[in-house]
Structure formats: structure tokens, C-alpha cells
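First up is the structure itself, then whatever we jot down about it.
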Amino acid sequence: MSEIGHRAFVTSSLSLPAGARIERHRHDAHQIVYPSSGAVSVTTPAGTWITPANRAIWIPAGCWHEHRFHGHTQFHGVALDPQRYRGGPTAPTVLVVGPLMRELIVACSQADETHAAEHHRMLAVLHDQIRNTRVLEPLWIPMPVDARLRQACALIADNLTEPLSLRQIGDRIGVGQRTLSRLFADELAMTFPRWRTQVRLHHAVMLLAEDHDVSSVALQCGWATPSAFIDTYRRAFGHTPGQSRLLAAKRNSRSASHAMAPRSWSGSESGSAQRA
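The sequence shown: position 51 = 39 (my numbering), numbered continuously.
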């Protein structure tokens, strides 16, 4: 995969179509990535993080990553100079976004003068909000290094609708159940059921952003019933998948009613990726 050189500090607000991608790159600044509609996934060598419209992702300076956008996405990116705004997570992290943080991210991403005093005052408040917000683990899928575990994880991800047991997975790839269980614990710091649930939730966020109905998402992601999916989703995010869609629609409508017009993504523009 190609690597893209970026500006030292990147702040932007973009409208992107479903399926848009930004290839592997890094920034000299910390970056906050927030979709006010749609969803964004961020992939690094350590794993994949995904954020629906009511979450944000912190990406530390110097971290190689790529983006993929699910559903029509209103993307907000805010850069924070690591020399000026110290502290914050040392790895990509999904954060809860409250009303104040949301408005700060949108306002900062649409600022005309990124070096204006008012902009830096907003950034200072945003940075303080970030340091005190809640971190969400369900939106992170760690990636394995061990070849046997990579085979097992690929089999799980490619067959979400088939409830394979760890023994069945081991039989298909020629690895013992106890060995696989140990590899999940040692390398991913997760049990097999938890990792599979993470993958299912990740896929569910993608499908919901693409406007699939809740029952369809439940079946495509491997839950036996929609109610089982709703219960798992509620425990992970604090609300139902249906409520998640409504919240995203309301927030997007509210932001659009008073926001400046965002730039639109064009996949044919050679410089488009460099703005994000």
C-alpha cells in the first residue's frame, strides 16, 4: 500500500461518499477524527478502530494509519500541535463525544484561520475535554501476528453468520483448541468470544451507517435474534442500534443547520487525501 506525505497540521471538514478511503499516512500533529454522520474506521498495524456518529477517534502524532468511510460521511478532522497540547492517549483511541466536545470539534474543523487566537482557545478547551472523556474499548479490534491466530481470526471474520466454536475453527485450520485459546489470551489479551463480539459490533456499526435495518444487521453479523443483537449493542454503547441511528440523524441535521458548507470528496482528486 502506498504511503502519502501529509502536511504537519491537518484540520478539515469534508463530505465523503460511502466506500471512500484515505490510504496509509501519518501526521506530525495529533488528530481528532469525528463523523457527524456515517462512520469512520481507522486501521493501523495494531488493529482497527471504528467510530459511529456519536464517537470520535484520537490518533496520536506520528501514527501510521488509513481511513475507510462507511455510509455517506460528514468528516471532521482537527489537528493538535503535540508541542503545544501535551498529553493524551499514546495509541488510537475511541472517545465518547458529549455536546460540548461535539460543537468544539465541528467549529475547529471549519475554522478559516487555524492560527487565530480564538481557534487556539477552542483547541485548548477541546484538549481538556479529551483528557477527561471516557474511552470505549468495544470499537477496537486488535490484529494478530501469529500465523495460526491470523488464520483463525480471518475464518471468524469471513463467517460471522456461522456460529463456529473454537474447536471447529481449530479443526478447520489444524490447530488445537487449547492452543488457540492461549493465543487469543496471550497475543490479543481477549478471549475468543470477546474478540468475535468485537468483530460483530464493528461490522454492525458499518452496516448501520449504510442504513441497513436492525433485523438485517443482526442476521448479517451472526446474532441468533434481533433482540440478542440489541441487548449486546446496548451493553456496549449505552443505547440501542435504533436509537443510535436516530441520534446520528438528529446531530447531523443540527450541525448542518448552522455549519458552513463542507468541502466535498472527489476520488479523482490527487490531493484530496492530503486534506484529511
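Beta carbons are placed, not taken as given, at the ideal position from N, Cα and C, and that holds for glycine. A quick note: this is a predicted structure, and the numbers were derived from the prediction, not measured.
Of all the options L148, I45, E54 and F57, which has the alpha carbon lying nearest to the alpha carbon of M89? Considering only L148, I45, E54 and F57, the residue with the shortest C-alpha distance to M89 is I45.
Coarse secondary structure for Y22, derived from DSSP in three states: Residue state, collapsed to three classes: strand.
Burial state of N120, where buried means 16 or more other Cβ atoms lie within 10 Å: With fewer than 16 other CB atoms across the displayed protein chains lying within 10 angstroms of its CB, N120 is exposed.
According to DSSP, residues forming a beta bridge with L4: T61
Closest residue to S3 among C209, H60 and M110 (Cα-Cα distance): H60
Return helix, strand or coil for G222, following the three-state DSSP convention. It should be pointed out that residue 222 corresponds to Arg in this sequence rather than to Gly. The answer is helix: DSSP assigns R222 an H, G or I state.
Close Cβ partners of L143 (< 6 Å) along its chain, the five nearest in sequence each way excluded: I157
How should S153 be labelled, buried or exposed, when 16 other C-beta atoms within 10 angstroms of its C-beta is the threshold for buried? exposed
Do the stretch 49 to 58 and the stretch 171 to 189 make contact, defined as three or more Cβ pairs closer than 8 Å? no
Could you give the uninterrupted runs of the beta strand (DSSP E) lying entirely in the stretch 45 to 114, keeping only those of 3 residues or more? The stretch 45 to 114 contains these whole beta strand (DSSP E) runs: 53 to 68 and 81 to 84.
Straight-line CA distance for E198 to F57? Approximately 10 Å, taken between the alpha carbons.
Rounded separation between L68 and V21 - CA only: Going by the C-alpha atoms only, they are around 11 Å apart.
Return yes when the Cβ of V193 is within less than 7 Å of the Cβ of P40, no when it is not. yes
Measure the C-alpha to C-alpha separation of V30 and R170 and round it to an integer number of angstroms. 27 Å
Could you tell me the alpha carbon to alpha carbon distance between P151 and Q117, rounded to whole angstroms? 40 Å
For S24 and S243, the rounded distance between their alpha carbons: In this prediction, S243 scores a pLDDT of 48, lower than 50, which makes its location untrustworthy; no coordinate-derived value is stated.
Among A177, Q139, A6 and L127, which has the Cα closest to the Cα of Y221? L127
Start and end of the alpha helix (DSSP H) containing H200? Unbroken run through H200: none, as it is neither H nor E.
Name the residue from Q165, G26 and S232 whose alpha carbon lies nearest to the alpha carbon of A8. Out of Q165, G26 and S232, G26 has the C-alpha closest to the C-alpha of A8.
Do G65 and S0 have their CB atoms nearer than 7 Å? Judged by beta-carbon spacing, S0 lies within the 7 Å limit of G65, meaning their Cβ atoms are closer than that value.
Between T149, D134 and H200, which lies nearest to L207 when the distance is taken from Cα to Cα? T149
With respect to the alpha helix (DSSP H) encompassing G158, which residues constitute its N-terminal and C-terminal limits? L154 to I161
Classify N147: buried if its beta carbon has 16 or more other beta carbons within 10 angstroms, exposed otherwise. exposed
Range of the contiguous beta strand (DSSP E) that encloses R136: No beta strand (DSSP E) holds R136; the alpha helix (DSSP H) holding it covers A135 to D146.
Limits of the alpha helix (DSSP H) - the one that T167 falls within: Q165 to L176
Buried or exposed for Q19, going by 16 or more other Cβ atoms inside 10 Å? buried
So if DSSP puts I129 in a beta bridge, which residue, or which two residues, is it bridged to? T36
Only counting the same chain, and skipping five residues up and downstream in sequence, which positions put a Cβ closer than 6 Å to that of G230? Take G230, set aside five residues on each side of it, and the residues of its chain with a beta-carbon closer than 6 Å to its own are V202, in chain order.
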